[in-house]
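Written out below as structure tokens is the structure these notes cover.
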Amino acid sequence: MATTTPSGVRGGHAKHGAVPAAATGTPMTHRQIMEALSGLLLGMFVAILSSTIVSNALPHIIADLGGGQSAYTWVVTAALLSMTASTPLWGKLSDLYSKKLLVQIALVIYVLGSVLAGLAHNSGTLIALRVVQGIGVGGLSALAQIVMAAMISPRERGRYSGYLGATFAVATVGGPLLGGVITDTSWLGWRWCFYVGVPFAVIALIVLQKTLNLPVVKREVKVDWGGAFLISAAVSLLLVWVTFAGDKYDWISWQTWTMVGGSILLGALFVLVESRASEPIIPLRLFRNRTITLASLASLFVGVAMFAGTVFFSQYFQLARGESPTMSGVMTIPMIGGLFVSSTVSGMIITKTGRWKVWLVSGGVLVTAGLGLLGTIRYDTPYWHLGVHMALMGLGVGMMMQNLVLATQNQVAPEDLGSASSTVTFFRSLGGAVGVSALGAVLGNRVTHYVTDGLTALGPQGAALAKSSGGGGIPDLASMPAPLRQVMEVAYGHGVGDVFLYSAPAALVAFLLTLFIKEVALRTRAAGHTSGASGASGASGATVPENAAAPVKSVQAVESAQAAESVRAAVATAPVLSLPEAPAGTPVRGTVLGAEGAGVPRAAITLISLTGRQLARAVARPDGGYSLDAPGPGSYVLIASADGFQPQASTVVVGDAPLPYDILLSGTSGLTGSVRAAEGGLPIEGAMVIVTDVRGDVLATGRTAGQGEFAFGELVPGSVTVAVNAPGYRPTALPVEIGGQGATRVEAVLRSGALLRGTVRAGAARRPASDARVTLVDAAGNVVATATTGEDGAYGFTDLDSGEYTVIATGYPPVAGSLTVAGHGVDSHDIELAHPGG
């Protein structure tokens with residue numbers, strides 16, 4: 028049985044239960060969701076773990092395999108590159124095939140890549156196998172968000188996204204800690220950094236097989252392999268250039284021009300292919316939505332900050348402070364704590380309030396501040412200073428990372444959910460890959476500079492020490508003489524500080540982008556859920572009488588009225604369940620809130636069973652608070668309604684303990700105005716007024732009354748377009764922002780537009796001339812319009828300003844004549860063409 032929202036109730040903010048479209052159509056309870064999420068979160072854990080666990084082990088890994096500084100960077104970049112390039116493809120496949128099967132395939136690819144990477148005997152092989160790992164990780168990263176969206180409504184998703192954020196936090200910074208412990212344990216060794224995730228992946232496969240059941244929509248599909256190749260090639264070529272520029276060749280060189288130009292060309296070809304593909308990997312139409320565009324760009328810059336912390340902290344603690352791999356992981360705990368707390372707390376509060384933008388903006392401030400402060404660190408910076416800086420950065424990343432995806436998912440149709448989610452994840456991964464490559468090159472350059480300065484300061488002794496220590500590769504501090512070790516620690520401490528300082532502008536850009544993201548109320552239905560209400564999705568089928576003497580009712584007003592009536596009728600006719608006086612039941616308490624967060628007094632709250640029986644009723648107190656008793660544990664429907672607000676139905680899951688449950692009602696707004704003529708300002712009666720939303724869907728229509736007035740009620744706040752037209756006037760369209768409360772007023776001014784028409788005749792019999800071309804020229808000599816006559820010889824021009832015109836007709840020998848147009852009404856002008864030779 029599916030929980031349905033009454034017809035016409037849309038855009039509501041009430042807290043809604045998790046309502047997935049399960050394979051059977053039955054809503055999943057909180058327990059079922061958590062069971063399914065356990066396997067999903069486990070898969071997500073191993074995906075993130077594989078990206079971070081090698082961080083603290085890399086110096087030992089590269090030294091053991093005989094690699095240099097470039098190999099150090101590419102072990103990280105290779106996985107990020109393949110993850111970035113494959114993310115859009117996984118997202119598109121999720122729109123076409125079974126999401127459950129795709130998650131399992133991604134886990135299998137990850138397991139194979141991990142096992143083989145642990146067997147690698149040279150750095151080249153390891154890098155190649157990290158590419159395989161990255162493909163699996165890309166699938167798990169993209170599909171985790173997509174599967175959650177298919178099971179859980181956007182409003183409730185904030186709560187569960189907190190679990191995802193916490194998992195991400197533990198794996199992000201716990202990975203380096205675990206990798207350090209494994210590396211420092213003699214009977215394990217660094218190869219177990221790749222093996223350790225395999226058991227978790229196998230367990231995740233088993234759990235997902237038992238608990239995850241999602242619908243599979245089977246249809247003919249066309250996978251955009253051309254787009255997948257082009258986007259992969261464009262990103263790969265760009266990252267290869269970023270990695271080697273300044274090392275293998277100069278930043279300004281023929282290699283740079285070739286690689287950057289090639290990447291731009293491949294990107295342009297990708298855009299061309301996507302614009303023509305029937306099933307594009309990244310539907311370009313998604314970027315017409317401002318929120319999706321801004322969230323994708325913000326994710327790009329957030330990725331720079333997020334991955335910079337996980338990669339370069341390990342080098343700082345081991346090479347600048349001389350810590351072991353294990354302690355290197357322990358000392359990053361302030362960042363994991365901040366990320367864990369902010370992602371969990373923000374998810375819970377978003378579920379309760381429906382407000383998410385404040386978390387994005389606050390997160391941008393904290394990330395920027397944290398990276399700016401981290402830019403001041405040196406090798407001897409007090410740890411408590413460093414801990415505060417890391418905590419600020421972790422708090423900011425936790426607030427932004429999942430909520431950018433949440434904001435995007437709330438803006439798209441179910442069929443585009445996978446593509447939209449993976450697009451944001453793609454840009455975040457792209458930012459991380461570019462950030463690691465570019466900042467790694469910056470670190471190498473700055474460290475070389477600081478080492479040179481340090482050795483120069485030591486004089487001749489410095490040159491001797493440098494010669495005795497060898498060159499290239501990752502330094503082994505333990506084997507270095509004390510003076511040279513001091514120089515290396517200072518160089519890496521200052522160099523890593525510079526890396527964070529250069530990352531701060533990226534975080535600042537992400538913060539600025541979030542300021543322009545418009546907050547849209549979170550939907551209360553999961554993407555895969557289909558309501559049984561027939562009228563909930565549009566305005567079609569509703570008619571509005573065109574009565575010039577009465578205010579106009581909008582289509583949404585009719586629907587909302589029908590919705591409110593259906594809710595009241597359902598409550599009034601539902602049989603009341605007779606409950607024994609004892610026990611009293613399980614209390615459900617909370618506050619009914621309006622859009623501004625104020626309590627809604629005297630709101631009616633009704634609790635009904637899933638079979639439609641009324642169980643309890645309550646009326647909100649003056650402060651909006653309410654309390655009623657549920658018969659006992661189970662799932663129920665809670666209905667709230669109040670004058671001036673859209674009614675809201677929510678599914679609640681009651682346990683043995685009292686349930687706190689706040690309800691946020693969406694207020695309705697009005698649109699009023701008048702239509703008058705530009706000449707004289709006289710009101711225009713009977714003008715047609717049409718209101719459309721940003722997608723072009725008609726929200727309301729009607730005609731103006733005797734004084735040119737019109738009024739629409741029950742409109743949802745937001746951007747709309749008001750189009751006005753009337754006979755004898757030029758039509759106009761106005762962009763209007765409907766406020767959250769009260770009525771927004773708009774004045775429309777129509778300019779007069781005359782109609783010129785006539786008939787072209789020819790010959791002695793003055794018969795209508797067909798195919799004659801008529802041209803209208805204004806007093807300045809500009810061609811205003813042209814027309815070609817039909818069989819009846821008639822022509823016509825509309826929306827003309829007053830003034831002098833010349834009419835030219837050709838077909839026989841041309842004829843020209845002048846006339847004066849009054850600027851309104853209808854003017855007639857017949858034309859006679861002379862017969863050739865007449």
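With our numbering as the guide, the letters of the sequence shown map in order to residues 28 to 865.
Ideal Cβ placement from N, Cα and C applies to all residues, glycine included.
Source: prediction; values computed, not measured.
If you draw a 10 Å sphere on the C-beta of T395, you find 16 or more other C-beta atoms in it, and that means buried.
Nearest neighbour of A533 by Cα position, chosen from S373, G459, S506 and R772, turns out to be G459. Note on geometry: alpha-carbon atoms of N430 and P310 lie some 21 Å from one another. Contact between G651 and V627 holds, since their C-beta atoms are separated by about 5 Å, short of 8 Å. A check of alpha carbon separations from R629 across P674, T380 and A645 identifies A645 as the nearest. The DSSP-derived three-state label of D798 is coil. Nearest to G682 by C-alpha distance, out of G659, A732 and L313, is G659.
When only Cα atoms are considered, P758 and N752 end up about 4 Å apart. As DSSP reads the structure, P687 sits in a beta bridge with R616. Cβ neighbours of V81 within its own chain (closer than 7 Å, five residues either side excluded): I88, V102, G206 and C220. Between D251 and L511, the alpha-carbon positions lie close to 55 Å from each other. Taken atom to atom, the span from the alpha-carbon of A812 to that of V848 is near 14 Å. T114 and E774 have their C-alpha atoms spaced approximately 48 Å apart.
Closest by C-alpha distance to G522, out of G140, T816 and R348, is R348.
Excluding the 5 residues flanking it on each side, L324 has same chain C-beta neighbours closer than 6 Å at L540, in chain order.
An exposed status is given to Y410, since fewer than 16 other beta-carbon atoms sit within 10 Å of its beta-carbon. If you draw a 10 Å sphere on the C-beta of R772, you find fewer than 16 other C-beta atoms in it, and that means exposed. Here the alpha carbon of F314 sits roughly 45 Å from the alpha carbon of Q641. Nearest in C-alpha terms to N240, of all of K126, V135 and A418, is K126. V81 sits in coil when the DSSP states are folded into three classes, being neither helix nor strand. The shortest CA-to-CA distance from I291 to any of I308, L264, Q282 and A272 is the one to L264. By the C-beta density criterion, N83 is buried, having at least 16 other C-beta atoms within 10 angstroms. Counting along the chain, M426 sits inside the alpha helix (DSSP H) bounded by residues Y410 to Q436. Residue pairing from DSSP leaves N316 without any beta-bridge partner. Burial is judged here by how many other beta carbons sit within 10 angstroms of a residue's own beta carbon; E818 has fewer than 16 and is exposed.
Where I632 is concerned, the enclosing beta strand (DSSP E) starts and stops at A631 to I635. By the Cβ test, the segment 734-742 is in contact with the segment 685-704, since at least three Cβ pairs between them sit closer than 8 Å. According to the DSSP assignment, A843 belongs to the beta strand (DSSP E) that extends over V842 to V848. Straight-line spacing of the CA atoms in S464 and Y529 works out to 13 Å. Using a C-beta cut-off of 8 Å, the segment 819-834 makes contact with the segment 775-783, since at least three inter-stretch Cβ pairs fall below that distance. Taking the C-beta atoms as reference points, T837 is found no nearer than 7 Å to S845. Each of G423, L470, D798 and T359 was checked against the Cα of L413, and the nearest Cα belongs to T359. With a cutoff of 7 Å on beta-carbon distance, Y519 and L346 are scored as near each other. Annotation: D689 to V267 spans about 52 Å, alpha carbon to alpha carbon. For I230 and S370, the gap between their C-alpha atoms comes out near 25 Å. Using a Cβ distance threshold of 7 Å, G145 and G163 do not count as a contacting pair.
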